[in-house]
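Numbering (my numbering), first residue to last: 158 to 304.
Ideal placement from N, C-alpha and C gives every residue a C-beta, glycine not left out.
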Amino acid sequence: MKEIKVNLKNPYSVIVTSTNAQLNFWFEQKKIGKIFIITDERVESIYKDYFKNFENKIIGKYIVKAGEESKRIETILDIYRVLLKYNVDRRCTIIAFGGGVVGDIAGFVASTYKRGTHLVYVPSTIISQTDSSVGGKNGFNLDGIKI
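Shown next as structure tokens:
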């Protein structure tokens with residue numbers, strides 16, 4: 158496991174790891190409490206057992222339809238409703254587990270829900286590992302335009 162500290166006005170860390178044990182150790186070290194997962198149906202079908210080590214921390218999960226068409230305000234509003242249903246508060250950590258669409262949606266939700274919650278990206282594609290998982294890129298599409 159490698160931790161890269163990004164020193165900005167609001168500093169954060171980038172963790173590079175390939176095992177659940179190391180990620181679980183990091184969760185414990187950073188005192189990550191409750192987790193809410195946002196993923197897509199493809200990633201869920203492949204990695205459904207990935208978070209078994211953390212199931213005592215998971216309070217809910219939202220699975221979007223895979224693909225760019227899910228990156229819309231209606232999806233985000235639905236996620237807000239589910240977060241409210243599970244009584245997710247600002248201390249909860251949202252995990253974006255998937256590629257670019259999941260990262261964009263989860264990042265937007267985490268930055269706006271109750272004025273911001275903690276966010277951890279677990280990118281599942283090479284592009285999302287190098288592009289959207291670092292730097293806070295997030296958003297949704299409106300009438301075919303990336304917002």
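* **Where Ile-189 sits in the DSSP three-state scheme** => For the purposes of this step, residue 189 is taken as the residue at position 32 of the sequence shown. Residue state, collapsed to three classes: coil.
* **Delimiting residues of the beta strand (DSSP E) encompassing Ser-170** => Looking up residue 170 in the sequence shown gives position 13. First-last of the beta strand (DSSP E) with Ser-170: 169-173.
* Asked: Out of curiosity, what's the CA-to-CA distance linking Gly-224 and Val-258?
  -> Locating residue 224 in the sequence shown gives position 67, where the first residue counts as 1. Locating residue 258 in the sequence shown gives position 101, where the first residue counts as 1. Each residue's Cα considered, the two are about 7 Å apart.
* Where do the ends of the alpha helix (DSSP H) carrying Ile-230 lie? -> As a first step, residue 230 must be located in the sequence shown, where it is residue number 73. 230-242 is the span of the alpha helix (DSSP H), which, as asked, contains Ile-230.
* Considering only the beta carbon of each residue, do Tyr-243 and Ile-262 sit closer than 8 Å? -> For this step, residue 243 is matched to residue 86 along the sequence shown. For this step, residue 262 is matched to residue 105 along the sequence shown. For Tyr-243 and Ile-262, no; Cβs fall outside 8 Å.
* To do: Kindly indicate which three-state DSSP category Lys-214 falls into: helix, strand or coil?
  => As a first step, residue 214 is located in the sequence shown; it is residue number 57 there, counting from the start. Shown here, Lys-214 sits in coil according to DSSP, grouped into three states, outside any helix or strand.
* Asked: Exposed or buried, Val-163, counting other C-beta atoms within 10 Å across all chains shown (16 or more means buried)?
  -> Locating residue 163 in the sequence shown gives position 6, where the first residue counts as 1. Exposed, since its Cβ has fewer than 16 Cβ neighbours within 10 Å.
* Rounded separation between Glu-231 and Gly-264 - CA only -> Residue mapping note: residue 231 aligns to position 74 of the sequence shown, counting from 1. Residue mapping note: residue 264 aligns to position 107 of the sequence shown, counting from 1. Roughly 15 Å between the two C-alpha positions.
* To do: Alpha carbon to alpha carbon, how far is Phe-208 from Phe-193? Give it in angstroms, no decimals.
  => In the sequence shown, residue 193 corresponds to position 36, counting from 1. In the sequence shown, residue 208 corresponds to position 51, counting from 1. Their backbone Cα atoms lie some 11 Å apart in a straight line.
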